[in-house]
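**Student:**
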Amino acid sequence: MDFIGAYSREHLTFLWDGFLVTLYVAFISIILSFFFGLIAGTLRYAKVPVLSQLIAVVVETIRNLPLLLIIFFTFFALPEIGIKLEITAAAITALTIFESAMLSEIIRSGLKSIDKGQIEAARSSGLSYTQALFFIVMPQALRRMVPPIVSQFISLLKDTSLAVVIALPELIHNAQILNGQSADGSYFFPIFLLAALMYFAVNYSLSLAARRLEARQT
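Under UniProt numbering, the first residue of the sequence shown is numbered 1, with each subsequent residue one higher.
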């Protein structure tokens, strides 16, 4: 193990650049997947005719596919029908598609956990169904959803490493390149140890923030 050679300034900078790409892809994917997941989950909960059933089919299909296959599809298959995405866009698209399906189920389950009597009570007080859903049910449900949603965000951050298969210059991709620069493999442990610590630092921080937020709400 060559810690000195592995942790040269040039290598650390290269690894850090990959980490920033990981964070960027994860951040954009989190925002997009939460937005689409919220819409899909809410529409399924509200049982909008036809649309709800269509969303259910799409969500269940995506949830039963491996993320790696979706990444391959967005990068290699879409160009066959005239949609060509560069590497970062393909990774974000694949992660957004996959995580939106996962989050939609979390959101739908969270909404279902709230007693439907609250909607009926709100309706009797003059609120429309939509108003009751977004002003009465949704705030309570979101508080209950915090732990599973954050857990899904953590999974998303880790899943960015799968984009190494399309050569996204993220943390694991750059770590592999640095490891390849040592003929005897002496960089492997130091480089991947540091990569693991980077993932742990972010994911643990997210978990800690979620627990504190949950504690404040109880």
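Glycine residues also receive a C-beta, built at the ideal position from the N, C-alpha and C atoms. Computed from a predicted structure; not experimentally measured.
Indicate the three-state DSSP secondary structure (helix, strand or coil) for Pro190 in the structure shown.
**Tutor:** Helix, per DSSP.
**Student:** Secondary structure at Glu170, three-state DSSP: helix, strand or coil?
**Tutor:** Note: Glu170 maps to coil in three-state DSSP.
**Student:** Taking only runs that begin and end inside the region 77-143, name each unbroken alpha helix (DSSP H) of 4 or more residues, in chain order.
**Tutor:** The qualifying runs are 87-112, 117-124, 129-132.
**Student:** Alpha carbon to alpha carbon, what distance is there between Lys116 and Ile6?
**Tutor:** It should be noted that the sequence gives Ala, not Ile, for residue 6. Rounded to the nearest angstrom, the two C-alpha atoms are 58 Å apart.
**Student:** With burial defined as no fewer than 16 other Cβ atoms inside 10 Å of the residue's Cβ, what is the status of Ala141: buried or exposed?
**Tutor:** Label assigned to Ala141: buried.
**Student:** From Ser8 to Ile149, what distance separates their C-alpha atoms?
**Tutor:** Distance between the alpha carbons of Ser8 and Ile149 is about 38 Å.
**Student:** When DSSP labels each residue in this structure, what does residue 219 get in the three-state scheme?
**Tutor:** Summary: the structure shown does not reach residue 219, with the chain confined to residues 1 through 218, and so no result is reported for it.
**Student:** Could you have a look at Leu65 and say whether DSSP puts it in helix, strand or coil?
**Tutor:** If DSSP states are grouped into helix, strand and coil, Leu65 belongs with coil.
**Student:** Taking the alpha carbon of Leu168 as the reference point, which residue from Phe3, Ala46, Ile4, Ala89 has its own alpha carbon closest?
**Tutor:** Cα-wise, what sits closest to Leu168 is Ala89.
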